[in-house]
Structures are given as C-alpha cells and as structure tokens.
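So the protein lines, in turn, are chains D and Z. Numbering of the first sequence is given in the numbering used here, commencing with residue 1 and proceeding in unit increments. Numbering of the second sequence is given in the numbering used here, commencing with residue 1001 and proceeding in unit increments. Backbone N, C-alpha and C fix where the C-beta goes; we use that ideal spot for every residue, glycine too. Only one structure is covered here, and it is reproduced in the block below.
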Amino acid sequence: MSGKTPPVTFAPLGDSAIMVTLGGVIDRELNRRVHACVRHLARSAWPEVSDIVPAYSSFAVHYDPLRVTSAGITDRVRAALRDVPRDDAETEGSLVTIPVRYDGPDLEAVADATRKNVEEVIALHSAGSYHVYMMGFAPGFAYLGDLDPALHLPRHATPRTRVPSGSVGIAGAQTAVYPVETPGGWHLIGRTDLLLFDAQRDPPALLHSGDRVKFERIE
Amino acid sequence: MSVTVARMTGLATVQDGGRPGFRADGVPLCGAMDLAALFLANELVRNPGDEAAIEWALAGGALRFDSPAVAAVAGAEVELTCNGAFVANNVALELDAGDELAIGGFVRGAYAYVAVRGGIAVPKALGSRSTYLAAGFGGLGGRRLRAGDVVPFGTAAEGKRRVSTTSPTPGERGVIRTVRAIEGPNAEAFTVSFREAFWRDEFTLSANSNRTGYRLERTAQQDHAARSAPSEPACVGAIQVPDGNGAIVLMADGPTVGGYPKIGVVAAVDIPALAQCVPGDRVRFELIAVDEAQRLLRTTRSLARPRARA
C-alpha cells in the first residue's frame, strides 16, 4: 500500500461492534482495500464474531460482548489486519449481468435533465461496468458505482412512497436495483425480473460487496 | 398444536432473539424489540430464552388455544384476561383447549410478548423465525398476524430452567427515562457545544417511531455542525443525528449502514427500556464508557443473542 494511505482507526460502535475506518472518501481503490480486509477477517471465522459489514471506506465487526470485550476484539482485529494479503485488494469479485427493460417512469425526465435523448441515457447506463461498493438500505440492495458523470443527478426532493421491486434507479454517482418494494428517492429508468434477494435462496442476495455488475438491455 | 388469532387490533408479529449473520447482505438484525421481556416470557414457560414468541404492540386482541398450552405474557403491562377473567402478567398460565387469552389495553410500555411452551413453530428464514415486515419474510408469511391466523407452536422437551430473568418494568408516564449510551465512532464530527447539549437535553419520543427506528425530538434546537461523510456501518442502538433538533435511534429492524453521523450508541442493556417507551415519553441520554456498558450487560446475562448461522 502506498505511503499516502491514511492510518487505520478503530472505534467502538456501541458495546457489540467496532468500526474500522480506512479513509473518509468514496473511492474504488480504497473500497477494494476495505473488502480485502473484510475477506481476510472472515477467513478467521471467529466464533465471537457474527457479522463483518463493509461500507464505503470503513467496516463493522459485530461481536458477542458476553464472550469478548471491546478492547479484546479491537486488539485481535488490529493484529489480523497486519497480514492482509497485498494482492487481495485487486481480487475481482464475481461478474453479474442484470437484464434490464429500460422503461422506467423517470427515463424521459432523466434524459431532459441531462440534455440527452432516451437512447443516449440507455446507452450510457448499459455501457458501464459497475462495482458493488456496499450492501445496505434493504436486504440485497447493492450500492453500485461509478455511474457515468453525464448521468449524475441529485435524488428526488420528495422520495416516492412506493418503488416496485426490480426497479433500476440512478442517483448521484450511483445506480442500484431495488430488491423489495420500499420508499425511494432515486430516478427510476428501468426494471429487471431478476430476484435481487430471496430469503429462501442460498445465498439470499444476488449481489455481494466487491462484485462487478453489467446491465444488459432487453426489450 | 396451534393457537388461533381470534381478534387483532394491535400490531403482532412473530419474533425471536434475532437474525445475526446476514448484515453484510443488508439484512437487519431483526428480533424482539425488548429482548429482556422475550427472555422473561420464555423462561416463565421454560423455553430457551430466545425462542420465538408473539410480539404484540400498541393495542390488543385475543388468542384462542386449539390445544392445551402453557403461556406467559411479559414486557409491556397489559390488561390480560383468560375467558373474560383477569389474569396476571409475568406468570405461567395453564390453558385448556378452547381457552381465550385476551390482551386489552396497554397500561404501560409498548411491546408485550406472548410466549407458549414449545415456542412459536413457524419455519425459520435465514436462521430465525423473526418477522421482517419491510422485506416480507420470516414469521407467519412475512407479515403481521391477523384474525383467523392459525399459529403453530412446538412440543418442547420439559425444560429444567428456572426463572432467573427479570425485565425492566416499563416506566410510568411522565417520568424521564435515562438511557445509557456509548460515545459514537464519529462523535468528534459534532462541535463540543453540540455534544454537551445533546447529553444534557431532554428528548420526547415521537409517534413517528417503529421497529426500524425511534425518533426523538427536543425543543431546544442547535446547529448541527457535523461534516457529511460516506455512509458507514450502523447498528441497533445507533443514535443518528440527521438535523439539529432531534435524533433517530436505530432499533431491531434498523438498517445495517447509514449516512447520518452517530453521536452515540445506546448500550445494549438499555435497549429494552427504550423500546418500551411510548410516544410522548421523555428520555435523556447518559454517556458511559464501553467497558461499563459491557459490564452491565454481563451482569444481566439474559440478553444473549443467538449465535449466527454457521
């Protein structure tokens, strides 16, 4: 890792988790280092640890406070992170292709707001190779970056109360598929029939942090 | 063996000790809002503490037992009747087939737990019987219970456990609740004066509160002054401060990551007391060290979460 890497910091996230922070920006390389740390720690399979949850530039280690103290788990995580394999950060996750019908209710408004026509919006969105920065917001919801800058738009000021599951949305530098019907403020440009999350499936989520995603246009 | 929902005006779902192990996929911890009350109700009927029970919120309803059963109600103090006669909360009740156990008004507290010996025996989803309403899985068909539902319960081996658990009695209306919390991982994002006011001020629980989060409001407003940062991991008890006049405490169904800065995280030992607050209740946060929070948790013992699925 380069000499400019900021120091890794450790802090209690309450009495049942710690948060490990590698930086303070959204950056694909930094995020890959987060995922490399999480993969490395997950291999240890410590019984006191129930979940290791990566975010953009930090991750949480959720542990059983009846079996290990905050200081104890911090020391163990700190020690384990000394041996994160150097090349692990470059390991690519799975490539997942998501077929999309580009017929979302906001497609024309997105074209107007970005001064493109609908075909150009579809071409830009489906040309991208996206990276799963993190999972969250809802089961199976993947925050995908990086969207072509020509399509960057702020979220709707007032979120829709119901976004149907399978909706493909964009907001800022991100794109995502809504796995379940939820409220949502993203611009909806299409939909997919793929199930992003199914509690009866193993694994339940289609996408995982670190995966790569392509959108394929279908009619 | 089963119990039939005869009437339902409240919000009732099947909940157990929670669903750890899937937070990296965005699945919340889930489980009982008041884990201490779930454990107490289960121990009263000699179940393992984190067995699935019916979590009952806000208003009443009735259950008709289709088979003989031992049941107990703990957590919120409720007007409880069996075939029309008042019976006590927090005791094991021997019920015959055809008996109707009814919850009337909620006297104190927000969440009551109806445990039945053998445990509520709906299928597990992702290692847990807890209902997660927002994504429609777990519990009975991923939804709240309604009149006419037939809820199965198991035949437990006769437990040897003795009741050793207590759960905090929900506080009286008008009494300020003190909720202990640990300083958040990015508390320094807030100015010193904002933090001082936060740990001193009194908050009121908003009606806009549910299993996902409890919204707390205060009359005194102050500039927020926290930097914006990329979304970070979140957890049950995280005290998010989206703006200057209030806070949102993430509860059992709260998101696994979040963008709002966290000024603190409620100690696990005090989540039950916070969960039992009702809209209008007043709350003050007290800052404690993480070591102290963990010591308090070890002394209560009753809040052990289930292990994550291997």
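- Here D/V38 has I52, P54 and F59 as same chain residues with Cβ atoms under 6 Å from its own Cβ, once five neighbours each way along the sequence are excluded.
- Here the alpha carbons of Z/G1060 and Z/G1105 stand approximately 6 Å from one another.
- Using a C-beta cut-off of 8 Å, the stretch 64 to 75 of chain D makes no contact with the stretch 83 to 102 of chain D, since fewer than three inter-stretch Cβ pairs fall below that distance.
- Rounded to whole angstroms, D/W46 and Z/A1024 show a C-alpha spacing of 16 Å.
- Counting of Cβ neighbours within 10 angstroms places D/A42 among the exposed residues, the total staying below 16.
- Contacts between Z/E1232 and chain D, judged by CB atoms closer than 7 Å, involve M19, A55 and S58 in chain order.
- Pairing Z/E1286 with Z/R1180 gives a Cβ-Cβ distance under 7 Å.
- Spanning the alpha carbons of Z/V1150 and Z/S1002 requires a straight line of approximately 6 Å.
- Looking at the DSSP output, Z/Y1111 bridges to Z/A1057.
- Taking 7 Å as the cut-off, the beta carbon of D/A113 is found no closer than this to the beta carbon of D/L144.
- Interface with chain D (7 Å Cβ-Cβ cutoff): Z/Q1294 is included.
- Annotation for D/A17: A60 and H62 place their beta carbon closer than 6 Å to its own, counting only its chain and skipping 5 residues before and after.
- Residue-level contact check: Z/L1038 does not touch chain D, since none of the beta carbons of chain D fall below 7 Å from its beta carbon.
- Bounds of any alpha helix (DSSP H) do not take in Z/G1264; it lies within the beta strand (DSSP E) bounded by K1262 to V1266.
- Contact annotation: Z/G1031 and Z/G1018 have beta-carbon atoms nearer than 7 Å.
- Against chain D, a Cβ distance below 8 Å from Z/D1025 picks out M135, P139, G140, F197, P203, P204, A205 and H208.
- Here D/F197 is not near D/G104, since their CB atoms are 7 Å or more apart.
- Residue contact check for Z/A1121 against chain D: no CB pair falls below 7 Å.
- Three or more beta-carbon pairs drawn from the stretch 1043 to 1059 of chain Z and the stretch 1114 to 1133 of chain Z are found closer than 8 Å, and the two stretches are therefore classed as touching.
- In the three-state reduction of the DSSP assignment, Z/R1046 falls in the coil class.
- Boundaries of the alpha helix (DSSP H) around Z/E1196: V1192 to R1200.
- At least 7 Å separates the CB of D/T161 from every CB of chain Z.
- For Z/G1136, the residues of chain D that pass the 9 Å Cβ criterion are V180, E181 and A199, in the order they occur in the chain.
- A Cβ-Cβ contact shorter than 7 Å links Z/F1153 with Z/I1120.
- Within a 10 Å sphere around the beta-carbon of Z/Q1221 sit fewer than 16 other beta-carbons, which makes this residue exposed.
- Taking 7 Å as the Cβ-Cβ cut-off, the stretch 1173 to 1192 of chain Z approaches chain D at I1182 and P1185, given in chain order.
- A contact between stretches requires three or more CB pairs, one per stretch, nearer than 8 Å, and the stretch 182 to 199 of chain D fails this requirement with the stretch 1099 to 1119 of chain Z.
- In the same chain as D/P6, and ignoring 5 residues on each side of it, the C-beta atoms closer than 7 Å to its own belong to G23, in chain order.
- Inter-residue distance for D/T175 and D/F137 is about 13 Å (C-alpha atoms, whole angstroms).
- Taking 8 Å as the upper bound for CB-CB distance, Z/P1185 and D/M19 are in contact here, some 4 Å apart.
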